[in-house]
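Heads up: the protein sequence lines correspond to chains B and W, in order. Each position in the first sequence, counted from 1, maps to that position plus 14 in this note's numbering. Each position in the second sequence, counted from 1, maps to that position plus 14 in this note's numbering. Using N, Cα and C, we set each Cβ at its ideal position, and we do this for glycine too. Computed from a predicted model, the values in this text were never measured in an experiment.
2 protein chains.
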Amino acid sequence: MAPRKRATIREVAQATGLSPAAVSYALRGMQVSEETMLRVRQAAAELGYEADPIARALASGRTGMIGLLCGSLEDLWQQSLAVGIGRSLREKDRYALILDAAGDPARERTLALQLRDQRVDGLIVQPVDPAARFWADLTDSLPVVAIGDALRNGQTAAEVVFDNRSGVTMALEFLREKGHRRVAVLTPTRPSTPDRPADVHVIAEAERLGLDIEVQTARQGLADSAGVASEILSRADRPSAMFCFSDSIAYGVYKAAAELGLSVPGDVAVMGYDDHPMSELLGLTTVNWDLDGIVRAAVRLVVAASDGKTRRRRIVQAPDLRERVSVQPLG
Amino acid sequence: MAPRKRATIREVAQATGLSPAAVSYALRGMQVSEETMLRVRQAAAELGYEADPIARALASGRTGMIGLLCGSLEDLWQQSLAVGIGRSLREKDRYALILDAAGDPARERTLALQLRDQRVDGLIVQPVDPAARFWADLTDSLPVVAIGDALRNGQTAAEVVFDNRSGVTMALEFLREKGHRRVAVLTPTRPSTPDRPADVHVIAEAERLGLDIEVQTARQGLADSAGVASEILSRADRPSAMFCFSDSIAYGVYKAAAELGLSVPGDVAVMGYDDHPMSELLGLTTVNWDLDGIVRAAVRLVVAASDGKTRRRRIVQAPDLRERVSVQPLG
DNA sequence: GCGTTTCACTGAAACGGATCAGTGAATCGC
DNA sequence: GCGATTCACTGATCCGTTTCAGTGAAACGC
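Next comes the structure, spelled out in structure tokens:
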């Protein structure tokens, strides 16, 4: 481990007989003659010079890093989203600093503020608690793009929101249509943010459709949701259908059903939300969002905003029902 | 977006009547009196002072960031690994900079060098091409922990290697035992690194066991592996079993089988590798690695190495066969 | 031909901490 | 009671860039 000394801009300056400032300009293609630019580039190449990102960040105030604060990376769909965003940012020469709030609003706050202190050029966030007050502080000091829910405080640079009202309506109407009346709803929402628009809408729609629903919360990921589902499914008067607010939670229901010797959809219908690639294999009927479109939009918007091109936008994603075998007509 | 000016160390110095140097020491709990330390901390809190990570990095040469270079994040198991490592690093107050080589050795090289230029304090890498020469450059300039395969060039700080020989033997012997003779092997290995130890071992073991094998490569992820599998499965004389070098690839086989109207394990046996949580649901027989143990070990080792505690270690992970329904006795 | 622009470049001051070589006072040994 | 240590702290320098305010020379307008 010999931290092989790197060449600095001064050495390049010395080699070319120019000032460090000139080299700095030349390497970024600003206000120098064609000839010096070539000369500088060549000298830099010979010396193996690469600008130090840290020093550059300190001087210019820009790090080239975009923070990505995920709601809960236990959720497979959010993992796909993170992977996609990471890859897409790389293509635009930005690094993604990916953090996981793990469904915890307090943690979300801590991480968001740390990200700001890390001087990221922009932030993409899939908020756990869109109503939290600290968002205003963040949007004040850096461009924020929200995915999923819009933030209720602060001025985001852009939003890629999901039309969860349509998604929920679509799912519940589908269950209703298939004859299901008693439905258990599993949501990843934490008790501290009971007013998430989607959850409110579930209750309203259930009422409108005459559904008898029961809402339970579960962490993302198989293990926890399987536990919650297991409790519900082992009751004598178990509901005929389960509506899960993410495919990962639905997978937990499959697991619980298997352990209890129940079949899907024979003994219980399961409806997911998100459409993770694995859902096709499992035959999970679910609500699909255009993952690629979301990734592209979020990245485009955050990069534009971090470059100061502040075309404030709100992109609404429409859902799409993927009908598969996990929900069958009742009776 | 008003970049609200942050307090600097000089302002804290002014407020306490001390020199910036004293404040710097005090905040890090070095060589100052108990009393000044308290006074400084209080002043810092009042001013809302937080040390700027960028400036600190420039001066100290340490960024607090650990690079994580994944082999291919299309693989769900590697996604789990990345999520786990990211979370575990956060607990130790380090940030993970997660990059995806996408199975491409050239890309791996580029990203690895960029990570070094980004001045990460350490690097965890799951190498695509463990024999590449550039690794030596990297291990020379920063502590590297390899996961999976050991690097053949350079001096890594530590290694968490998988005993792939045992894993492969275990899988192939299991298939043999169940009466399978003709086996298709799907590996994510690229043609440019044909000498990966695991692949070599597959061939040797197949020979020893008298298996008739055919090795095909596929990208990680459902889509591509499904294509490759589809070709194999639609042949009249298709093999009786498929051994996939990752569960994600196995999922692609399930997909292909479903599309061709073939049943698993009725028409074709499928064997996975890794044991992703979803495999339990699908009943995929697979080779399990202790994900949590790997995560903990890798993080512990890279953090220790980046702190200069250079206890060079090699941890070997033993596999574990998870027998489920996807492989049944032939005939 | 003289003032004004433009051009290509320079010098110095940031950026915000960490660190090193002191420095004066208090403490210690004996 | 005097030199040697330790202690708590300071001033200056450094880390490697970017950027601002020039500067001298050439080009330009008329």
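{"Asked": "Best match in B:MET79, B:GLU49, B:SER38 and B:ALA116 for proximity to ARG233 of chain B [C-alpha to C-alpha]", "Found": "B:ALA116"}
{"Asked": "Segment contact flag, the region 131-139 of chain B with the region 52-72 of chain W, C-beta cutoff 8 Å, min 3 pairs", "Found": "yes"}
{"Asked": "Rounded C-alpha distance that separates ARG24 of chain W from PRO34 of chain W", "Found": "5 Å"}
{"Asked": "Cβ contact (3+ pairs, closer than 8 Å) linking the region 237-252 of chain B and the region 256-269 of chain W", "Found": "no"}
{"Asked": "Same chain only: Cβ atoms within 8 Å of LEU186 of chain B, ignoring 5 sequence neighbours per side", "Found": "VAL197, VAL216, GLU219, ALA220, LEU223, LEU225 and PHE257"}
{"Asked": "Pick from W:GLU88, W:LEU82 and W:GLN93 that is closest to ASP89 of chain B, judged by C-alpha positions", "Found": "W:GLN93"}
{"Asked": "Complete runs of the beta strand (DSSP E) confined to the region 17-85 of chain W [at least 3 residues]", "Found": "79-84"}
{"Asked": "For ASN302 of chain B, three-class secondary structure by DSSP", "Found": "strand"}
{"Asked": "Stretch pair the region 45-64 of chain W + the region 99-108 of chain B: three plus CB contacts closer than 8 Å", "Found": "no"}
{"Asked": "Exposure of GLU323 of chain W, with buried meaning 16 or more beta-carbon neighbours within 10 Å", "Found": "Per the sequence shown, residue 323 of chain W should be read as Lys rather than Glu. Per the 10 Å Cβ criterion, exposed."}
{"Asked": "Minimum Cβ-Cβ distance from VAL346 of chain B to chain W less than 8 Å", "Found": "Outside the shown range of chain B (15 to 345) lies residue 346 of chain B, about which nothing can therefore be said."}
{"Asked": "Residues of the region 117-148 of chain B with Cβ closer than 7 Å to any Cβ of chain W, in chain order", "Found": "ASP131, GLN132 and ARG133"}
{"Asked": "Closest Cα partner of LEU61 of chain B within the set B:ARG327, B:LYS19 and B:PHE176", "Found": "B:LYS19"}
{"Asked": "Beta carbon proximity, GLN331 of chain B to chain W, threshold 8 Å", "Found": "no"}
{"Asked": "Span of the alpha helix (DSSP H), counted from its first residue to its last, around GLU173 of chain B", "Found": "No alpha helix (DSSP H) holds GLU173 of chain B; the beta strand (DSSP E) holding it covers 172-176."}
{"Asked": "Inter-residue Cα distance where the pair is ASP288 of chain B and CYS84 of chain B", "Found": "15 Å"}
{"Asked": "contact_flag[the region 70-80 of chain B, the region 271-282 of chain B] where n(CB pairs < 8 Å) is 3 or more", "Found": "no"}
{"Asked": "From B:ALA164, B:THR170, B:GLN169 and B:ARG310, residue whose alpha carbon lies closest to that of ASN178 of chain B", "Found": "B:ALA164"}
{"Asked": "Where ALA71 of chain W meets chain B, residues with beta-carbon distance less than 7 Å", "Found": "ILE68"}
{"Asked": "Alpha carbon of PRO291 of chain W to alpha carbon of ALA270 of chain B, nearest angstrom", "Found": "13 Å"}
{"Asked": "Minimum Cβ-Cβ distance from ASP281 of chain B to chain W less than 8 Å", "Found": "no"}
{"Asked": "Strand pairing of LEU230 of chain W, partner residues [DSSP]", "Found": "The sequence as given places Gln at residue 230 of chain W; Leu does not occur at that position. Paired residues: W:LEU200."}
{"Asked": "GLN331 of chain B in three-state terms, based on DSSP", "Found": "strand"}
{"Asked": "Alpha carbon of GLU173 of chain W to alpha carbon of VAL214 of chain W, nearest angstrom", "Found": "21 Å"}
{"Asked": "Chain-order list of residues whose beta-carbon lies under 8 Å from that of SER293 of chain B (same chain, five-residue window excluded)", "Found": "ASP261, ALA264, GLY286, THR300, ARG336 and ARG338"}
{"Asked": "Length-filtered (3 minimum) beta strand (DSSP E) runs lying within the region 252-309 of chain W", "Found": "255-258, 283-285 and 300-302"}
{"Asked": "Run of the alpha helix (DSSP H) containing ASP154 of chain W, from where it starts to where it stops", "Found": "149-155"}
{"Asked": "Identity of the residues DSSP links to ILE217 of chain W by a beta bridge", "Found": "Answer by DSSP bridge pairing: none, since ILE217 of chain W is not bridged."}
{"Asked": "Local conformation of ASP114 of chain W per DSSP, three classes", "Found": "strand"}
{"Asked": "Cutoff 8 Å: TYR287 of chain B Cβ touching any chain W Cβ", "Found": "no"}
{"Asked": "Per-residue DSSP class, three states only, for LEU223 of chain B", "Found": "helix"}
{"Asked": "Which of helix, strand or coil DSSP assigns to LEU87 of chain B", "Found": "coil"}
{"Asked": "Against chain W: residues of the region 178-192 of chain B by CB proximity under 7 Å", "Found": "none"}
{"Asked": "Contacts of GLN93 of chain B in chain W (Cβ-Cβ under 7 Å)", "Found": "GLN93 and VAL97"}
{"Asked": "Three-state class that DSSP yields for VAL341 of chain W in the structure shown", "Found": "coil"}
{"Asked": "Nearest candidate by alpha-carbon position, reference LEU247 of chain B, set B:GLY235, B:ALA283 and B:PHE188", "Found": "B:ALA283"}
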